[in-house]
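Student: Going by my numbering, the sequence shown wraps up at 340, each residue one higher than the last. Note that the Cβ used here is the ideal one computed from N, Cα and C, for glycine as well.
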Amino acid sequence: MNLFEKIFNHQIISRLEDSGTFMVTSHERAWLKTMLEHPAAAEAFTADTLDKLRSALEPDQVMDISHHLIEKARTMEKQVYHPLLRPLRRLIMNKTGIRITYEIKGGRVKTDHSGFPYKLEYSMVKREWYLLWYHTRHRSLMSTRLNKIHSVLPEPIEPSAAENILKTIGNTLDSRKCEATIEIVRVYNEELSRILYAFSSFEKSVAYDEEKDTYQIRVSLLGDEMEYLLSKIRFLGKRVRVVEGDYLKKRMLESSTKALERYQHIMSDEELTS
Numbered sequence: 067m068n069l070f071e072k073i074f075n076h077q078i079i080s081r082l083e084d085s086g087t088f089m090v091t092s093h094e095r096a097w098l099k100t101m102l103e104h105p106a107a108a109e110a111f112t113a114d115t116l117d118k119l120r121s122a123l124e125p126d127q128v129m130d131i132s133h134h135l136i137e138k139a140r141t142m143e144k145q146v147y148h149p150l151l152r153p154l155r156r157l158i159m160n161k162t163g164i165r166i167t168y169e170i171k172g173g174r175v176k177t178d179h180s181g182f183p184y185k186l187e188y189s190m191v192k193r194e195w196y197l198l199w200y201h202t203r204h205r206s207l208m209s210t211r212l213n214k215i216h217s218v219l220p221e222p223i224e225p226s227a228a229e230n231i232l233k234t235i236g237n238t239l240d241s242r243k244c245e246a247t248i249e250i251v252r253v254y255n256e257e258l259s260r261i262l263y264a265f266s267s268f269e270k271s272v273a274y275d276e277e278k279d280t281y282q283i284r285v286s287l288l289g290d291e292m293e294y295l296l297s298k299i300r301f302l303g304k305r306v307r308v309v310e311g312d313y314l315k316k317r318m319l320e321s322s323t324k325a326l327e328r329y330q331h332i333m334s335d336e337e338l339t340s
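The following block contains the structure:
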């Protein structure tokens, strides 16, 4: 492409952008069409947004893939989106109180409990959304699966009371936090990006020691997240080792000991049979 063609193309694209027109490729259109056909699309977007997106996809024989692709049977997937995400997110942003009805273990239902929504969290292990909220009557921090919430309605609360609850929640979470230091074995420094990606869901800081040429990852997490962190450490194997964190060291030692005992037992059985 010569210089004049580049200038002409730039002028065309600039005029299209000024007029509010955008260009999409056939791959982008195919992706959008597939996304809008997903059952969660009706809940993830408002009606106006859905209409705008669908209007961008005019009938096209090239886009019709229903007669060319057949999806094989698969296990039932859990929907990442939940209908309560949008209303709860707005309540959290507006610092509004809630009146919630939810289900606990054993199928019992707690009806019309006053609370204050704090945060929405997604569990990568269980693949479910959780609502962290403050129970105003019990004065405790609760964690409830969105699938267990029967209904949630806004309830007025004084701004000063909301700020006090936020401070209480912050102090509670700080008291539950613990830290661990994980060191990357120097031989695997080239895999730094991959190792850091494994800990991407945690609050962390990275320090580099020039003399030893080693990286240390300091992870800050809540106590109930320890098992998830352990799964990541086991996944990385010999690439990392726990430097600080008595609980993590103890659990890693236990799992290693059990593995060695298991293989020693297998080896002894093979020696007897040979």
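1. Return the Cβ separation of E194 and N213 in integer angstroms, given the expectation that the two are a contact with Cβ distance under 8 angstroms.
2. Would V175 pass as a contact of T247 if the rule is Cβ separation under 9 angstroms?
3. In angstroms with no decimal places, state the Cα-to-Cα distance between L157 and D275.
4. Hey, could you find the ends of the beta strand (DSSP E) E310 is sitting in?
5. Starting from the Cα of P183, find the closest Cα among S189, R211 and I261 and give me that residue.
6. Pull up the CB-CB distance for A122 and L116, whole angstroms please, since I reckon it's below 8 angstroms.
7. Specify, as a first and last residue, the run of the alpha helix (DSSP H) that H204 falls within.
8. To the nearest angstrom, report how far apart R328 and F301 are at their CA atoms.
9. Could you pull the start and end residues of the alpha helix (DSSP H) that H93 belongs to?
10. Do the CB positions of T167 and H216 come within less than 9 angstroms of each other?
11. Taking Cβ positions, are L207 and K243 nearer each other than 9 angstroms?
12. Would you list the residues sitting across from L287 in a DSSP beta bridge?
13. Based on Cα-Cα distance, which residue from V253, I170 and P225 lies nearest to K304?
14. Name the residue from L119, T112 and N160 whose alpha carbon lies nearest to the alpha carbon of A149.
Tutor: Taking the coordinates as given:
1. Under the criterion of beta carbons closer than 8 angstroms, E194 and N213 qualify as touching, at roughly 7 angstroms.
2. Not in contact: V175 and T247 (Cβ atoms no closer than 9 angstroms).
3. The C-alpha of D275 is placed about 45 angstroms away from the C-alpha of L157.
4. Its beta strand (DSSP E) spans residues V306 to E310.
5. R211
6. Incorrect: roughly 11 angstroms between the Cβ atoms, too far for contact.
7. Element bounds for H204: n/a, residue is neither H nor E.
8. 19 angstroms
9. Start and end: S92 to L102.
10. The Cβ atoms of T167 and H216 sit closer than 9 angstroms to each other.
11. Not in contact: L207 and K243 (Cβ atoms no closer than 9 angstroms).
12. C244
13. V253
14. Here residue 149 turns out to be Pro, not Ala, going by the sequence shown. Taking only the C-alpha atoms, the option nearest P149 is T112.
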